[in-house]
Every structure is written in C-alpha cells, then in structure tokens.
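Okay, so the sequence shown: first residue is -4 according to the numbering used here, each after it adds one. Cβ coordinates follow ideal geometry from the N, Cα and C atoms, glycine included. Contents: one structure, followed by commentary.
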Amino acid sequence: MAKRSIIPLFIPHLGCPNDCVFCDQKRISGSLSPACGTDVIRALEAAKARGQRGVELAFYGGSFTAIDREIQQELLSAAAPYRENGTVGAVRLSTRPDAVDEDILNFLSSWGVRTVELGAQSLDEQVLLASGRGHTAADTVRAAGLVKAAGLQLILQMMTGLPGSSRESDVRTAHGVIALRPDGVRIYPTVIVKNTALEAMWRSGQYQEHTVEDAVAVCADILPLFQSVDIPVIRLGLNPTEELSHGSAVGGAYHPALGELVRSEVMRRRAEALLREVPAGAAVILGVEPRAVSAMTGQHRCNITSLCASLGLSALTVRPMEGVGDEIIIVDVRA
C-alpha cells in the first residue's frame, strides 16, 4: 500500500448509535468537538500553503457513514476543490460494519473516498455483545465484501482483551480478519479509559484488566499471522495523546511504544527458537538488519537478559548486518 501524507480530522462519536463499553472518542482522539466543513478547508489550506500535494484526507472517530447524509456531504464537498487542484489525492474514513451498503459506498466513491476502515473489533459474537458493539460478526463479513466489491481499499480494525475475550479468541479473530483479505489492519489492545462503562466494570470486578504484558503476549501471537500473508499492520496500539498520557488511560494496555514492545517480543521468540541447540554457557553473536538491532536487543536490553537467563548463555551480542532481510543469523558461538 503506497504511503502518503495523511491529514487527520476527527468526528468523535458522530453517527455512533450507542457507546461501546470501552469508548470515549474525545479522550482517545484528543479532539473535543467534531470537525465541520470549515475545519476541512482550514486543514487543506494549510497543507496547500506548505506545498503538499496528493495528501490523504482522513476522517477518524465516530461512524462516518451513519451520520446524516447532509453532514457527510458538507465534509466531503469541502474537500472537493482540493481534489481538483491536486492537494488531496484521496479520502479515507472509518465507520461501523452495520452502516455500510452499496448505496453509501457509491456515494462515497463519487466524492473521492478510496479507503474505508471498518471497526470490526472482534469476530466473536459473545465478545461483541459484552462490549456493547451493537453489530454482529456477520455484519463485518458482509460489509468487508461490499467494500472490496466497490473497488475500495479495506482496512479492518481489531481489538484484543475486550470483555469476554481470551488470548485464544483474539487469535481466532485475527484468523477471521485474514480470511477477509483486507489491505491493512489496525490492532488496538483494550485501554481502560476514564469515565467509560469499562472503567466501572473493571472497578467492580466484572472485567479483568488487559495489561500491557497481556497485550504484548497476544499481539506477538497475532502479528506474525498478518506478516505471513503480507497484510500490513499499519497501527499497533492507540496513538498516544496528551489526554491518555496524563490520566485518561486509567488502566489496560496503554503504552506509547506498544508496537515496539510487540515487535521486540516477536524477535525474542524467534531468537529463542534459533538458539535452543546452542550449548549452555556459550557466548553467542546474532546478526540482524541494522534497523532491527533495537527490537532484537529489547528495551533496556530485556531480550538479552531474558535469553541469557532462559538458555543459560554466558553472553549474547546483537550485531548489525546488511542484507539479511528479516532473518536472525547466528554469527558466532564460543564455548
């Protein structure tokens, strides 16, 4: 999927027929009020003044296709002149699976929308019910098919650690998402946001917190599944905001570098499997691409410490090596 500059605008809670137990879009997005046509023009004028061309205008938060058609048209028509002058190359938006049909997709296509993100969250019916999603897994399957049939790019969002879920059910959801053949995926481990129903469930003992450690473990199961079939994971973990970082995230899997932690855990597991036949007490040098040295080493050298302890190594060094791709190479073993 080609990368381009993205101009994000937020429409928190617009079009949402109910509040999911985990959700407070205003705190999650850091945006208190939904964007209007004037906001679109202001953002795109700024992009034009910077000399940007071919940017992607993105409407996040809320359920775009469930808001009044007049508001949808206000937002999309405000961008039309900038599509004509080349400032905007495409438009993307996020919405609910049960708010998609052929008519709305034709409407969106006529206004330059090229990518639709569906908030699937889970493909487990009990998890969807416990989370207050208000739609079914079948709605996601149907909507995904319609988006692809319309010739639009499909992004699916899934969550881990929702009420009623388990590590196994989250992995099953990942397999189900893969079967829908999206063009990309966002994975959002559950964060307990202040003043949500989920916070009340957690404090009353009805919900067990999905910790950062839990999220890293299950996402390290899931990430290689998408990688093995070349489906890009374009986001792993909520985007850090001032609101979340300064008190609104009261629990759960909130970490500003969650994706880095997950990729580091994936590397640790791969290295552990590779090193199992190395004799205890050995000093080992591993080679990885320069860009992967940090992930292989781990934050505060945690992977080095863990691997030495679990395998009985006397020393473990990670060396940058050009040209090894995604491989981990044993460069040297000394008894």
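Range of the contiguous beta strand (DSSP E) that encloses residue i
i: Met154; result: 148 to 155
i: Gln116; result: 108 to 116
i: Ala287; result: Ala287 -> no beta strand (DSSP E), and no H or E assigned at all.
i: Gly232; result: First-last for Gly232: undefined, no H or E at that position.
Bridge partner(s) assigned by DSSP for residue i
i: Gln222; result: Its beta-bridge partners do not exist; DSSP assigns none.
i: Pro184; result: Thr155
i: Asp327; result: Ile280
i: Leu311; result: Val279
i: Pro3; result: Ala53
i: Thr90; result: Leu113
i: Ala244; result: Val188
Cut-off 6 Å between Cβ atoms - residues of its own chain near residue i, not counting five sequence neighbours on either side
i: Arg329; result: Ala278
i: Leu306; result: Leu270
i: Thr106; result: Looking at the sequence provided, one finds Trp at residue 106 rather than Thr. Excluding positions up to five away in sequence, the list reads Leu71.
i: Leu220; result: Ala169
i: Val313; result: Leu281, Val288, Met291, Thr292
i: Asp327; result: Ile280
i: His250; result: Val207
i: Ala310; result: Ala278
i: Arg162; result: Val213
Residues near residue i in its chain [Cβ-Cβ closer than 8 Å; skip 5 each side]
i: Ile217; result: Thr155, Asp165, Val166, Ala169, Ile182
i: Leu113; result: Ser89, Thr90, Arg91, Pro92, Val95, Thr135, Ala138, Ala139, Val142, Leu149, Ile150, Leu151, Gln152
i: Lys189; result: Asp19, Arg22, Gly242, Ser243, Ala244, Val245
i: Leu100; result: Val111, Leu141, Val142, Ala145, Leu147
i: Pro177; result: Ala139, Leu149, Ile150, Leu151, Ile226
i: Gly276; result: Gly307, Leu308, Ser309, Ala330
i: Glu322; result: Val283
Residue i and residue j closer than 8 Å at C-beta
i: Ala115; j: Thr90; result: no
i: Gly127; j: Val186; result: no
i: Tyr55; j: Phe5; result: yes
i: Leu157; j: Ser199; result: no
i: Ala145; j: Arg109; result: no
i: Ala44; j: Arg87; result: no
i: His2; j: Ala61; result: Position check: residue 2 holds Ile in this sequence, whereas His was assumed. No, the Cβ-Cβ distance between Ile2 and Ala61 is not below 8 Å.
i: Val35; j: Ala74; result: yes
i: Ala210; j: Leu253; result: yes
i: Cys214; j: Leu233; result: no
i: Leu124; j: Ala132; result: no
i: Ala192; j: Asp14; result: yes
i: Phe59; j: Gln67; result: yes
i: Met316; j: Glu284; result: yes
i: Gly159; j: Gln121; result: yes
Cut-off 7 Å between Cβ atoms - residues of its own chain near residue i, not counting five sequence neighbours on either side
i: Gln47; result: Ser0, Thr82
i: Glu204; result: Ile187, Trp197, Gly246, Gly247
i: Pro274; result: Ala330
i: Ala(-3); result: Since pLDDT at Ala(-3) reaches only 46, below the 50 mark, its modelled position is unreliable, and no value is offered.
i: Val228; result: Val180, Ile182, Leu218, Phe221
i: Val319; result: Gly282, Val283, Glu284
Residue i - containing alpha helix (DSSP H), residue span
i: Glu272; result: Run containing Glu272: none; DSSP gives neither H nor E here.
i: Phe102; result: 97 to 105
i: Arg162; result: 162 to 174
i: Pro76; result: 64 to 79
i: Gly140; result: 132 to 144
i: Asp34; result: 32 to 44
Check: residue i C-beta below 7 Å from any heavy atom of the ligand HEM
i: Ala30; result: The ligand HEM is not part of this structure, which contains no ligands at all.
Contact the stretch 236 to 244 vs the stretch 285 to 297: 3+ CB pairs below 8 Å: no
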